[in-house]
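This report refers to the structure that appears directly beneath it.
Protein chains: 2
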Amino acid sequence: MISAARPLLITNVRLSDDPSGQPVSVSVAGGRIEAIGPKLANLAPPPAAIVEDGGGALLLPGFVEGHTHLDKTLWGQDWYVNEVGPNLTDRIANERAFRKTSGHDAGVQSLALSHAFLAAGTTRLRTHVDIDTDAGLRYLEGVLATRDALAEVLDMQIVAFPQSGLLIRPGTGKLLDDALAAGADVLGALDPALIDGDPVGSLDATFALAERYGKPIDIHLHEPGEIGAFTFKLLLDRVEALGMQGRVVVSHAFCLGALPEPTALLERIARLRVALLTSAPPSRPVPPLKRCRELGITIFGGNDGIRDTWTPYGAPDMLERAMLIGMRYDLRRDDDLAAAFDCVSAAGAQGCGFADYGLHAGARADLVLVDADTLAHAVVARPVRKLVVANGRIVARDGVLAE
Amino acid sequence: MISAARPLLITNVRLSDDPSGQPVSVSVAGGRIEAIGPKLANLAPPPAAIVEDGGGALLLPGFVEGHTHLDKTLWGQDWYVNEVGPNLTDRIANERAFRKTSGHDAGVQSLALSHAFLAAGTTRLRTHVDIDTDAGLRYLEGVLATRDALAEVLDMQIVAFPQSGLLIRPGTGKLLDDALAAGADVLGALDPALIDGDPVGSLDATFALAERYGKPIDIHLHEPGEIGAFTFKLLLDRVEALGMQGRVVVSHAFCLGALPEPTALLERIARLRVALLTSAPPSRPVPPLKRCRELGITIFGGNDGIRDTWTPYGAPDMLERAMLIGMRYDLRRDDDLAAAFDCVSAAGAQGCGFADYGLHAGARADLVLVDADTLAHAVVARPVRKLVVANGRIVARDGVLAE
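Chain order of the listed sequences is Z and F. When you line the first sequence up against my numbering, it's residues 1 to 403, in that order. When you line the second sequence up against my numbering, it's residues 1 to 403, in that order.
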């Protein structure tokens, strides 16, 4: 499916932070950016190099999907008619029933969606994989197979995620332990108060397991307003006590969008280097993006589920997600749209801990070319990806995965 | 640009409300749907008819854009770098300055965006055109030229809109009068309290002018919460007193999303058959869609501005707008997504008063074919439009305007 990792020279592209529009070239070898700049324009390509004329396209770094559920998606399947009830627990129960009876294959589905992500320019991705007492590690095994199959191009982190609860479903803790042993990168968690019913016990169990494996944590916190803030403070106490600064992500964090005075909590989040993930849902409160960025909090973006039994929405297109983030926060100025793009690029890499990210010499060569005047234009127009390079390999052209 | 209005037979398409997926045919003559149904499948086409094999596509009615600003758009131009301040008045002042100095041509721009709307399946459209003391009727003249140029295919309503205020900018009332005389279909208005500073005086002037010309009204009401509700009640008093039931649209109506107890107001809106337009902005309160529909209020959708000095967002794709409406209201079930689609189709036609709308014999032949399993699938996947028929003429294929 992927080209050999031959050296690569891309000429005649533009950098979004250079308003002069001066054409630059990028040389790539061994999966890394060797050099990038105008002086390369007249260089002879290295022997055996693939040379690509960028045709004046805008050069962007490979995109980062900060939170999705590859194992759940129905991407590429016949349309799933959603008749599910409105509550979180309805959706959890419906999905467990569907998965038991439908023959849904997490390996096949995660591969199909990963291919679509690559074709649209995403080269780093964090996925939450359900671990529960019905399925055991079955979904994890499917996603691990996809990670292996795409290891040369897609940098994937797997979160072992107790979608059906941890304490309320005895046996789940042991399965999470097994999942980390089997290769999951991050320990997940879910609403310690409103799902598990015991915020202290649930958080203690989560932090203890993460500590045992030396793994970071990514917790889904849907809990609203004051109860969410209560749980958040318990979590921060544990980050501080256990030295987990810089190793915890709180996903969704709706509560931070609904507190009358969140400043003290936000300042503590910044101090403890806890990162925030938002899918920027238009129907829920969301963490205050600009205030978080001003305080130095890493806040980044993701789809959450994509076309699954939970939701019909979502697309493996992080430019579209950046646009939705921009719309959610009413970002209209070009400099504000750059912040929306940051959520699906550098801030995503920072929040997840993806190494060697960006458009600089020595970074992993993850590159996307689009026909757009400016970065803001790319976000709102979401043009087809002319070329996608992942870890130094050409993986897609004109939106279509390379053979 | 458009094919002659020859009879047309489209075979092998599916109806979204028929889960059997049984193929049907549609015969079209004189710009109207003659017949639609499975029995046509084996009919010989009428003499000289164009025959199109729908290839199993889903058949949808032409889409309705309920609120846009064709005269403002920068669609197809070089990217406009937005550095505008955050307030409504900043945006109004910035746009007036831009239009004075940039050579922006409302005729050229409205035609470009109308073409894009047609290519993406919109066949009926209501556009608000700025009338102000700087430009007089200049933008209106440009949009009237576009309406004339596309009269055979695009059913366009023009709202004469005092974007810079009515009472606060003396001379505007006379210009609105001239605009209605020159061919505008609807009288617009803007924030009678918070822009004009005199809700009674502003509404009285608007209703008097509408009455003089026998024209309907479409008012932009951004006023929030209690002040918005106050203005809304004054407006309803005038609808009732002047017999304007069924002839007034309130656009945006953010206030209806922020009142603790809107039921009495909503019931009066329903009783007076005032319709509501929403662009479903994710960062603002919005009227309660389901409650409105339950009460029998016509609520429909539009982009508002598309890529102009106000906003970088928007696209001439009403399936995308339906998706954004669905996301804003957290509509996940297929039956709820059908309501989102209704906002950009039948409810839009009802709210604007576009005649002979729909997929039935005698309706104007406005048809869109897409490759999608179901209506909900079409809304979230927004597939390329395989075929667009407007007023019985083929106007676009595979997303591209016909020659």
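Just so you know, even glycine gets a beta-carbon here, dropped at the ideal spot from N, CA and C.
Bounds of the alpha helix (DSSP H) holding residue 173(Z) are 172-182. The straight-line gap separating the alpha-carbon atoms of residue 149(Z) and residue 155(Z) is approximately 11 Å. Three or more pairs of CB atoms, one per stretch, sit closer than 8 Å, so the region 117-131 of chain Z contacts the region 53-65 of chain Z. Not flagged as an interface residue toward chain F: residue 73(Z), since no C-beta distance is shorter than 8 Å. At a cut-off of 8 Å between beta-carbon atoms, residue 370(F) makes no contact with chain Z.
Taking 8 Å as the threshold, the shortest C-beta distance from residue 263(F) to chain Z does not fall below it.
Assigned with DSSP and collapsed to three states, residue 102(Z) falls in helix. In terms of CA proximity to residue 251(F), 280(F) leads the group 280(F), 71(F) and 136(F). Checking the DSSP bridge columns, you'll see residue 27(Z) partnered with 9(Z) and 35(Z).
Looking at the DSSP output, residue 126(F) bridges to 157(F). Listed in chain order, the non-local C-beta contacts of residue 291(F) below 7 Å within the same chain comprise 266, local neighbours out to five positions each way being set aside. The shortest C-alpha to C-alpha distance from residue 320(F) to any of 305(F), 380(F) and 366(F) is the one to 380(F). In this structure, DSSP gives residue 118(Z) a helical state, which the three-state scheme calls helix. Residue burial annotation: residue 82(F) is buried, with at least 16 other C-beta atoms found within 10 angstroms of its C-beta. Annotation for residue 63(Z): the continuous beta strand (DSSP E) segment containing it runs 63-68.
DSSP, read as helix, strand or coil, puts residue 353(F) in coil. Around the Cβ of residue 362(Z), a 10 Å sphere holds fewer than 16 other Cβ atoms; the residue is exposed. Contact with chain Z is absent for residue 303(F), since none of that chain's Cβ atoms lies less than 8 Å from the residue's Cβ. Residues 107 of the same chain have their beta carbon placed closer than 6 Å to that of residue 145(F), with the five preceding and five following residues left out of the count.
With at least 16 other beta carbons inside 10 angstroms of its own, residue 274(Z) counts as buried. As the crow flies, the alpha-carbon of residue 348(F) is around 38 Å from that of residue 299(Z).
Its chain contains 14 as the residues whose beta carbon lies nearer than 6 Å to that of residue 21(F), once the 5 sequence neighbours on both sides are disregarded; these appear in chain order.
When Cβ-Cβ separations below 8 Å define contact, residue 333(F) makes contact with chain Z. At a cut-off of 8 Å between beta-carbon atoms, residue 25(Z) makes no contact with chain F.
In terms of Cβ geometry, residue 172(F) and residue 166(F) form a close pair [threshold 8 Å]. Its chain contains 131, 175, 178, 179 and 182 as the residues whose beta carbon lies nearer than 8 Å to that of residue 137(Z), once the 5 sequence neighbours on both sides are disregarded; these appear in chain order. In this chain, residue 369(Z) is not harboured by any alpha helix (DSSP H); it is covered by the beta strand (DSSP E) spanning 367-370. Interface with chain Z (8 Å Cβ-Cβ cutoff): residue 337(F) is included. Using a Cβ-Cβ cut-off of 7 Å, residue 287(F) is close to nothing in chain Z; its nearest Cβ partner there is about 14 Å away.
Listed along the chain, the chain F residues whose CB falls inside 8 Å of the CB of residue 328(Z) are 282 and 283. Partner residues in the beta bridge of residue 401(F), as assigned by DSSP, are 396(F).
If one requires a minimum length of 4 residues, the alpha helix (DSSP H) runs lying completely within the region 276-322 of chain Z are 289-295, in chain order. According to the DSSP secondary-structure assignment, residue 51(Z) is paired through a beta bridge with 9(Z). With a cutoff of 8 Å on beta-carbon distance, residue 393(Z) and residue 5(Z) are scored as near each other.
By the neighbour-count definition (other C-beta atoms within 10 Å, threshold 16), residue 25(Z) is a buried residue. The beta carbon of residue 350(Z) is closer than 6 Å to those of 298 in its chain, skipping five residues each way along the sequence.
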